[in-house]
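Trainee: Take numbering that gives the first Met the number 0: the last position of the sequence shown gets the number 218, and nothing is skipped along the way.
Glycine included, each C-beta is placed from N, C-alpha and C at the ideal position.
I'd like to ask you about the structure that follows.
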Amino acid sequence: MKIKDRYQWVLGYFSTHFPKAETELYYSNPFELLVAVILSAQCTDKRVNLITPPLFKAFPDAQSMSSADFDLLFPFIRSISYPNNKTKHLIGMSQMLLTQFGGEVPGTLEELQQLPGVGRKTANVILSVIYNQPTMAVDTHVYRVSRRIGLAAAADRTPLAVEKKLMRYIPKELVPLAHHWLILHGRYVCLARRPQCANCGLQQGCKFFEVNNNSLAKV
């Protein structure tokens, strides 16, 4: 299957079976989403969602979080990965929002990446979810699923290379949805260690299944 045909088939499948897809992180405004995405780095959304309700109650905005000291904020996020660094990032990010962006979450990649704890992936999530911009955040799920299905090639060895490949072939109006499609597919079906190929609706358009069809059929 040629790559354009593969993209067309995969996107068609998702559009038909999952017309609505969105982030599983809990948030009620841009600031809360930014905090949640920073916390989700190398951590599950489920774990983040457990700790954010009391965190957002105590620190509902950039003003309140920017004035918190380390010892006050740390206990709220101590159960997630890298809590020391993330505590510092949240305080620094909130302070920068106030001093440079009027307390508002900025809407460009360049501005977002100035914030402590915000890399390209996090910035792309914010641009996609909050501002509905055609940006593709490539996390571990998107990276794995894209390469397995064949939307990206073996030569696309970095998240940036996969991002560029996806942006090249996915229509701009579908990029925000496609971001969630790939994440959720990787989270619940195309698992890292044991992909659920027998229960996957993408078999017909999946390069991994095409190559491993005989062995997978015996599992």
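1) Count the CB pairs spanning the stretch 128-140 and the stretch 178-195 that are closer than 8 Å, and state whether there are at least three.
2) Pick helix, strand or coil for Gln202, following the three-state DSSP scheme.
3) Under a three-way DSSP split, which group does Pro105 fall into?
4) Mind checking Thr121: buried by the 16 CB within 10 Å criterion, or exposed?
5) DSSP three-state call for Cys189: helix, strand or coil?
6) Between the C-alpha atoms of Arg186 and Glu109, what's the straight-line distance to the nearest angstrom?
7) On the DSSP letters alone, give me the boundaries of the alpha helix (DSSP H) that Ile2 sits inside.
8) Report yes if the CB atom of Glu21 is closer than 9 Å to the CB atom of Val128, and no otherwise.
9) Whole angstroms are fine: how far does the CA of Ser78 sit from the CA of Trp8?
10) Have a look at Tyr25 and Thr15 and give me their C-alpha separation to the nearest angstrom.
11) What do you reckon, are the CB atoms on Leu221 and Leu126 nearer than 9 Å?
12) Between the stretch 164-181 and the stretch 192-210, do at least 3 Cβ pairs fall closer than 8 Å?
13) When you compare only the Cα positions, how much space is there between Leu96 and His88?
14) What did DSSP end up calling Ile148 once you bin it into helix, strand or coil?
15) Measure how close the beta-carbons of Phe75 and Ala57 come, nearest whole angstrom, since I'm counting them as under 8 Å.
16) Between which two residues does the alpha helix (DSSP H) carrying His61 extend?
17) Roughly how many whole angstroms lie between the Cα atoms of Ala191 and His140?
18) Candidates Tyr81, Met64, Asn131 and Tyr12: which alpha carbon is nearest Cys42's?
19) For the alpha helix (DSSP H) that Arg95 lies in, which residues bound it at each end?
20) Roughly how many angstroms separate the alpha carbons of Pro194 and Leu49, rounded to a whole number?
Mentor: So, from the data block:
1) Verdict: yes, contact present.
2) For the purposes of this step, residue 202 is taken as residue 203 along the sequence shown, with counting starting at 1. In the displayed model, Gln202 falls within a helix according to three-state DSSP.
3) Taking the first residue of the sequence shown as position 1, residue 105 is located at position 106. In the displayed model, Pro105 falls within coil according to three-state DSSP, outside both helix and strand.
4) As a working note, residue 121 is residue 122 in the sequence shown. Label assigned to Thr121: buried.
5) Locating residue 189 in the sequence shown gives position 190, counting from the first residue. It is coil, neither helix nor strand.
6) Position 187 of the sequence shown, counted from the first residue, corresponds to residue 186. Position 110 of the sequence shown, counted from the first residue, corresponds to residue 109. Approximately 29 Å, taken between the alpha carbons.
7) One-based indexing of the sequence shown puts residue 2 at position 3. From DSSP, the alpha helix (DSSP H) with Ile2 extends over Ile2 to His16.
8) Residue numbering aside, residue 21 sits at position 22 when the sequence shown is read from its first letter. Residue numbering aside, residue 128 sits at position 129 when the sequence shown is read from its first letter. Contact flag set, yes.
9) Indexing the sequence shown from 1 puts residue 8 at position 9. Indexing the sequence shown from 1 puts residue 78 at position 79. Those two C-alpha atoms are separated by around 41 Å.
10) Taking the sequence shown and counting its residues from 1, the one referred to as residue 25 is at position 26. Taking the sequence shown and counting its residues from 1, the one referred to as residue 15 is at position 16. So the two alpha carbons sit approximately 26 Å from each other.
11) Because residue 221 is not part of the residues shown, which for the chain are 0 to 218, the question remains open.
12) Contact between the stretch 164-181 and the stretch 192-210 is not established, with fewer than three Cβ pairs separated by less than 8 Å.
13) Translated into positions along the sequence shown, residue 96 becomes position 97. Translated into positions along the sequence shown, residue 88 becomes position 89. Whole-angstrom Cα-Cα distance: 12 Å.
14) Residue numbering aside, residue 148 sits at position 149 when the sequence shown is read from its first letter. Annotated three-state conformation of Ile148 is helix, per DSSP.
15) Translated into the one-based positions of the sequence shown, residue 75 becomes position 76. Translated into the one-based positions of the sequence shown, residue 57 becomes position 58. Correct: roughly 7 Å between the Cβ atoms.
16) By 1-based counting over the sequence shown, the position of residue 61 is 62. First, the amino acid is wrong: residue 61 is Ala here, not His. For Ala61, the enclosing alpha helix (DSSP H) has its first and last residue at Ala61 to Ser65.
17) Residue mapping note: residue 191 aligns to position 192 of the sequence shown, counting from 1. Residue mapping note: residue 140 aligns to position 141 of the sequence shown, counting from 1. Each residue's Cα considered, the two are about 8 Å apart.
18) Translated into the one-based positions of the sequence shown, residue 42 becomes position 43. Put simply, of Tyr81, Met64, Asn131 and Tyr12 the residue whose alpha carbon is nearest the alpha carbon of Cys42 is Tyr81.
19) Locating residue 95 in the sequence shown gives position 96, where the first residue counts as 1. First, the residue type needs correcting, since residue 95 is Met and not Arg in the sequence shown. Boundaries of the alpha helix (DSSP H) around Met95: Pro82 to Phe100.
20) Position 195 of the sequence shown holds residue 194. Position 50 of the sequence shown holds residue 49. If I take the Cα positions, the gap works out to 27 Å.
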